[in-house]
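Read the structure below first, then the notes.
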Amino acid sequence: MAILTMALTLIIGVGSLLLFIGFPIGLWGAVPMRLSESKALWWDALLSLVFFAQHSGMIRRPVREHLSWIAPPSYQRALYSIASGVTLAGVVILWQPSTSHILVLEAILRWLAYALAASAVALFLWGAVSLAGLDMLGLAAIRAHRCGATEPAPPFIVRGPYRWVRHPWYLGAIMLLWSATDVSADRLLLNVLWTAWIYFGAHLEERDLRREFGAAYESYRQQVPMLIPWHRPTGAAGHVSA
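Under the working numbering, the residues of the sequence shown are numbered 1 to 242, in order.
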């Protein structure tokens, strides 16, 4: 059971993230549903809301406590990663592209959009390297449970892009969203809905982090911007979060 859970976490968690990053090169909407323009937009909005509810709701402490009857605490992070991966993959595959184009970038603007997308991917990778040693997928927790050991508390560190912004992966996601060269109606819907959710979700996460790490995280929060790197990086210590 443990090995299967770990394998699913790796395959689904990483695979869904790669699918999301593949949006700029046309990997979305693999299953056409032949809906009308208006119905397609409503469907896309529904897919987004389902992902928002799962991703932001399942991570909340009261929800995790209710899930304890399904999986022990050592498996919950992996379960969350699998559920998030499945939901995100569903959004990518079932998304219905629109035929109405609002804006098409040309010449230098198109290349600037490509550069923005490349910078977003680089920021994702930089953040992943900076998170080395943290159990983002819940694999270490499962291994510790199998060995009868206690999972160590997450370290309180700041390095890499986390010295510039508190949520570099969220910033990278926003950059990737707005790097579209051909802005259709569904892409504009995606950009607006997901940018608003990222901002709202960051505030929800901050509330949990302040509750968990207290004054240490509050000090970090006061020194490092949330999403916009508007001043020089800090050297202070703080909690590393996505």
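Just so it is clear, CB atoms sit at the ideal spot from N, CA and C, and this is done for glycine as well. As the structure is a prediction and not an experimental result, all values here were calculated from the model.
{"Check": "Helix, strand or coil for Val104? Go by DSSP, reduced to three states.", "Outcome": "strand"}
{"Check": "Between the Cα of Trp164 and the Cα atoms of Ile12, Tyr220, Trp197 and Ala113, which residue gives the shortest distance?", "Outcome": "Tyr220"}
{"Check": "Any idea if Trp111 is buried or exposed, counting beta-carbon neighbours within 10 angstroms, 16 or more meaning buried?", "Outcome": "exposed"}
{"Check": "Any contact between the stretch 169-177 and the stretch 117-130? By contact I mean 3 or more CB pairs, one from each, below 8 Å.", "Outcome": "yes"}
{"Check": "Relative to the alpha-carbon of Val129, which residue among Gly160, Leu204, Leu19 and Tyr80 has its alpha-carbon at the smallest distance?", "Outcome": "Gly160"}
{"Check": "With a cut-off of 8 Å on the beta carbons, I'd call Ala196 and His167 a contact; round off their distance for me.", "Outcome": "Ala196 to His167, Cβ: 15 Å. No contact."}
{"Check": "When the Cα atoms are used, what is the spatial distance from Tyr162 to Ala216?", "Outcome": "15 Å"}
{"Check": "With H, G and I counted as helix, E and B as strand and the rest as coil, what does DSSP make of Val183?", "Outcome": "strand"}
{"Check": "Is it buried or exposed, Leu209, if we count other Cβ atoms within 10 angstroms and call 16 or more buried?", "Outcome": "buried"}
{"Check": "Is Ala78 buried or exposed, if buried means 16 or more other CB atoms sit within 10 Å of its CB?", "Outcome": "buried"}
{"Check": "Closest to Gly15 by C-alpha separation, out of Ser81, Ala40 and Ile228, would be which residue?", "Outcome": "Ser81"}
{"Check": "Classify Leu131: buried if its beta carbon has 16 or more other beta carbons within 10 angstroms, exposed otherwise.", "Outcome": "buried"}
{"Check": "Mind checking which residues open and close the alpha helix (DSSP H) that includes Met226?", "Outcome": "Run containing Met226: none; DSSP gives neither H nor E here."}
{"Check": "Less than 8 Å between the CB atoms is what I'm expecting for Val31 and Leu94, so what's the real figure, rounded?", "Outcome": "6 Å"}
{"Check": "Give the straight-line distance between the Cα atoms of Arg34 and Leu204, rounded to the nearest whole angstrom.", "Outcome": "36 Å"}
{"Check": "Taking 8 Å as the threshold (C-beta atoms), are Ala185 and Ala113 in contact?", "Outcome": "no"}
{"Check": "Under 6 Å Cβ to Cβ from Ala242, same chain only, skipping five residues before and after it: list those, please.", "Outcome": "With a pLDDT of 43 at Ala242, under the threshold of 50, the modelled position of that residue is not reliable, and no figure is offered here."}
{"Check": "On the criterion of 16 or more Cβ atoms from any shown chain inside 10 Å, does Val104 qualify as buried, or is it exposed?", "Outcome": "exposed"}
{"Check": "With 16 as the cutoff for other CB atoms within 10 Å, does Gln222 come out buried or exposed?", "Outcome": "exposed"}
{"Check": "Between the C-alpha atoms of Trp126 and Leu17, what's the straight-line distance to the nearest angstrom?", "Outcome": "15 Å"}
{"Check": "Count the other CB atoms, across all protein chains shown, that sit within 10 Å of the CB of Leu49; report buried if there are 16 or more and exposed otherwise.", "Outcome": "exposed"}
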